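Asker: Got a structure here, written out as structure tokens. Questions coming.
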Ligand SMILES: Cc1cc2nc3c(=O)[nH]c(=O)nc-3n(C[C@H](O)[C@H](O)[C@H](O)COP(=O)(O)OP(=O)(O)OC[C@H]3O[C@@H](n4cnc5c(N)ncnc54)[C@H](O)[C@@H]3O)c2cc1C
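In this note's numbering, the protein residues as written are 10 to 241.
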């Protein structure tokens, strides 16, 4: 997958989500990014893109830009997509596909479950490492902190690691880093009220995501779509 194709996905996704926001189903955010010199490739795509003068930048930053971004509540968005799917006649089945019978064997199991279906999508994320034996898959650990207030206080830690336990030191670093960015969420004691801390693994792949079609015996088609890393 090359960078241009990935940029096209990002552009299409941004347009789709802005459309959802316009229809009143989502929330638009003014967003400031502070490491964007030279101009990022997406500067002409996003709404309200401006470069901030030094008087409006955080201390210590050399450049900053402002643009409209979208705040997505992922569980809500996924339920919305599921409702669209079901209302279009889709059926939801939950099952774990075997990983010790090769991809063709796993696909056979999927065919047996799904019945009269000829196209499948392999969106198994890190599971592709065993399901497809794709050795280029690797996890990138991330941690987020949810604080009381209007927004989720970012952010994530990048690290190649399979351990999903919360790291208290990382929580401290995240909260300290966010104090300057979101002072309006601080309580009277100058601290955030932490609601939850969570950790997960992003499904990354050397060489970028794999999005391609494969055709199996009997004409069953499989579209691979995994390895999306931090750009889910
Ligand atoms: C802390 C953190 C913060 C993030 N923040 C952002 C963000 O702000 N914006 C963003 O765009 N992305 C973000 N991401 C990345 C995003 O979560 C991922 O890119 C996205 O979830 C990938 O989606 P996916 O469907 O490809 O894989 P997954 O979400 O990993 O889904 C794979 C699914 O396949 C199933 N599966 C695997 N093997 C099998 C099997 N053998 N049989 C049946 N099912 C199987 C798994 O159970 C799972 O449900 C973040 C990730 C983390 C960890």
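By construction, the Cβ of each residue, glycine as well, lies at the ideal position given by its N, Cα and C atoms.
Just so we're clear, the structure is a prediction, and the values are computed from it rather than from any experiment.
What does the alpha-carbon distance come out to for the pair residue 113 and residue 102?
Answerer: Approximately 20 Å between the Cα atoms of the pair.
Asker: Is residue 210 closer than 8 Å to residue 201 when the C-beta atoms are compared?
Answerer: no
Asker: Quick test of the definition: if touching needs 3 or more C-beta pairs under 8 Å, does the stretch 65-73 touch the stretch 94-108?
Answerer: Touching, no.
Asker: Could you pull the DSSP bridge partners for residue 223 from this structure?
Answerer: Answer is 231, bridged to residue 223.
Asker: At a cut of 8 Å, does the stretch 17-36 reach the stretch 75-86 through at least three beta carbon pairs?
Answerer: yes
Asker: How big is the Cα-Cα spacing for residue 231 and residue 72?
Answerer: 45 Å
Asker: Starting from the C-beta of residue 171, find all residues in its chain whose C-beta is less than 6 Å away, skip the five residues before and the five after it, and write them out in chain order.
Answerer: 148
Asker: Quick check for students: name the residue ranges of the alpha helix (DSSP H) that lie wholly in the stretch 87-141, counting only runs of 4 or more.
Answerer: 111-123, 137-140
Asker: Only counting the same chain, and skipping five residues up and downstream in sequence, which positions put a Cβ closer than 6 Å to that of residue 163?
Answerer: Residue confidence for residue 163 is low, a pLDDT of 48 falling below 50, so the modelled location carries little weight; the figure read from the coordinates is stated next. Contacts found: none.
Asker: Taking 7 Å as the cut-off, does the CB of residue 214 come closer than this to any heavy atom belonging to ligand 1?
Answerer: Residue 214: no, Cβ never under 7 Å from ligand 1.
Asker: Need the endpoints of the alpha helix (DSSP H) that residue 30 sits in, please.
Answerer: 12-31
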